[in-house]
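In terms of the working numbering, the sequence shown is numbered consecutively and its last residue is 532.
In this text, a Cβ means the ideal position worked out from N, Cα and C, and glycines have one as well.
One structure is given below, encoded as structure tokens.
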Amino acid sequence: MNYELKLKKEVKDWEQQLFKPPGWLEKTSKTIGTRINHIIPPKVHTVITTTIKSIVRTALFGAEYTPRRSVQHGLDLETADEEAKELFNLYQKIAVAEGAGTGAGGIMFSMVDFPALIGIKMKYLFETAHVYGYDTKQFSERIFILKLFQMTYSGAENRARLLDSIKHWHIEKEQWISDADYSKNMDWDSFQKEYRDAIDFRKMLQMVPGIGAIAGAWANYTILEELREFAMNAYRLRRLHDDAKDGIIPDHGQPI
């Protein structure tokens, strides 16, 4: 089996995993996270919402996350995957160090970790786009990154909608040449709530005295791992489609 056929199977398996009912651990974590959420100071949630708005605007219209590395046109999928894994290892180490350092400082330092972690994730996604051959100077690629970020931390209903958007990005991207009103039209409450709910249990443990450093490192490690899984598979989906369309790899008649 060649590498592309192997990837098609992996991506299909990943899609099926996305919509499996949550297991006992996930349900328990969400329940505990919801309880912890009620005792966290409101200003922590304000920080999250404000941070997400700021970082999304930067991602859409700024140059802060634009990678220095050039877009890697011409890499075959196997090579792109290898480079993407190396890139992830670097960013995961950065995130773990950030989580351990801020977790050791208690609740106030942990508040600092929220914007820092989101920034790390955005930089990772922008760099990953370039590895797979997509130029983040294009507005449509920045929208794709935001949809990918949302999908990683969304509930099942939104996740299905966002996955469909990503699978048909070759069509949808045409509407995103430029739109300065995109960030104004976003449902910020839903965006920040789904993100917060997805990471609550892990990040709130970071604020517990005595275990903050360990919990912070573990939280950031697992949160980055989730993002890697979604990022690599989303860009694999695009490359499999685009490469088949361009005749770079044969289309074996199997839907992606």
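Neighbourhood of L401 by C-beta distance below 7 Å, restricted to the same chain and skipping five residues each side: Indexing the sequence shown from 1 puts residue 401 at position 125. Excluding positions up to five away in sequence, the list reads I421, L424, F425 and A507.
Reduced DSSP category for M384 - H, G, I as helix; E, B as strand; rest coil: Sequence index remark: in the sequence shown, residue 384 carries index 108 (1-based). Low confidence applies to M384: its pLDDT is 46, below 50, so where it sits in the model is not reliable, and the reading given next is rough at best. Three-state DSSP puts M384 in a helix.
C-beta atoms of L536 and A373 nearer than 8 Å: Residue 536 lies beyond the range of the chain shown here (277 to 532); nothing can be said about it.
With 16 other Cβ atoms within 10 Å as the buried cut-off, status of K397: Along the sequence shown, read from residue 1 onward, the residue named residue 397 stands at position 121. Buried: at least 16 other Cβ atoms inside 10 Å.
Nearest to E450 (by Cα), restricted to the options R435, I419 and A436: Residue mapping note: residue 450 aligns to position 174 of the sequence shown, counting from 1. The shortest C-alpha separation from E450 is found at I419.
Option in R333, D352, K288 and E340 with minimal Cα separation from N279: Along the sequence shown, one-based indexing puts residue 279 at 3. The residue asked about is misnamed: residue 279 is Tyr in this sequence, not Asn. Ranking the options by Cα distance to Y279, first place goes to D352.
Classification of L366 by the beta-carbon crowding that lies within 10 angstroms, buried from 16 upward: Here residue 366 corresponds to residue number 90 of the sequence shown, with the count starting at 1. So L366 ends up on the exposed side.
C-alpha distance - V287 paired with A360, whole-angstrom precision: In the sequence shown, counting from the first residue as 1, residue 287 sits at position 11. In the sequence shown, counting from the first residue as 1, residue 360 sits at position 84. Answer to the nearest angstrom: the Cα atoms are 16 Å apart.
Best match in D463, K443 and S330 for proximity to N509 [C-alpha to C-alpha]: Position 233 of the sequence shown, counted from the start, is the residue given in the question as residue 509. Selected option, being the one with the closest Cα: K443.
Euclidean distance between Cα positions of F337 and S416: As a first step, residue 337 must be located in the sequence shown, where it is residue number 61. As a first step, residue 416 must be located in the sequence shown, where it is residue number 140. Computed Cα separation, rounded: 11 Å.
Boundaries (first-last residue) of the alpha helix (DSSP H) holding F295: Residue mapping note: residue 295 aligns to position 19 of the sequence shown, counting from 1. Careful: F295 lies outside any alpha helix (DSSP H) and carries neither H nor E.
C-beta contact flag for K413 and T322 at 8 Å: Locating residue 413 in the sequence shown gives position 137, where the first residue counts as 1. Locating residue 322 in the sequence shown gives position 46, where the first residue counts as 1. In this structure, T322 does not lie closer than 8 Å to K413 by Cβ.
Anticipated Cβ contact below 8 Å, L294 with R515, distance rounded: Residue numbering aside, residue 294 sits at position 18 when the sequence shown is read from its first letter. Residue numbering aside, residue 515 sits at position 239 when the sequence shown is read from its first letter. That belief does not hold up - the Cβ atoms of L294 and R515 are roughly 19 Å apart, past 8 Å.
Simplified DSSP assignment, three categories, for W445: For the purposes of this step, residue 445 is taken as the residue at position 169 of the sequence shown. If DSSP states are grouped into helix, strand and coil, W445 belongs with the helices.
Three-state secondary structure assigned by DSSP to D352: As a first step, residue 352 is located in the sequence shown; it is residue number 76 there, counting from the start. In the structure shown, D352 sits in coil (DSSP, three-state: anything other than H, G, I, E or B).
Where R345 falls, given that 16 or more other Cβ within 10 Å makes a residue buried: Locating residue 345 in the sequence shown gives position 69, where the first residue counts as 1. Counting Cβ neighbours within 10 Å, R345 comes out exposed, since fewer than 16 surround it.
From W494, G409, E433 and A493, residue whose alpha carbon lies closest to that of P297: Taking the first residue of the sequence shown as position 1, residue 297 is located at position 21. Selected option, being the one with the closest Cα: E433.
Segment limits, alpha helix (DSSP H) that includes I453: Residue numbering aside, residue 453 sits at position 177 when the sequence shown is read from its first letter. No alpha helix (DSSP H) holds I453; DSSP gives it neither H nor E.
Straight-line Cα distance separating V407 from I324: Along the sequence shown, one-based indexing puts residue 324 at 48. Along the sequence shown, one-based indexing puts residue 407 at 131. Approximately 29 Å, taken between the alpha carbons.
Nearest candidate by alpha-carbon position, reference E354, set G395, L438, E291 and L281: The residue given as residue 354 occupies position 78 in the sequence shown. Measuring from the Cα of E354, the nearest candidate turns out to be L281.
Range covered by the alpha helix (DSSP H) that runs through M427: Counting from one through the sequence shown, the residue named residue 427 turns up at place 151. F415 to T428 is the extent of the alpha helix (DSSP H) around M427.
When L513, N496 and W494 are compared against L439, the one with the closest alpha-carbon: Start at 1 with the first residue of the sequence shown, and residue 439 comes out as number 163. The shortest Cα separation from L439 among L513, N496 and W494 belongs to L513.
Cβ-Cβ distance between E470 and S441 below 8 Å: Start at 1 with the first residue of the sequence shown, and residue 470 comes out as number 194. Start at 1 with the first residue of the sequence shown, and residue 441 comes out as number 165. No. Outside cutoff.
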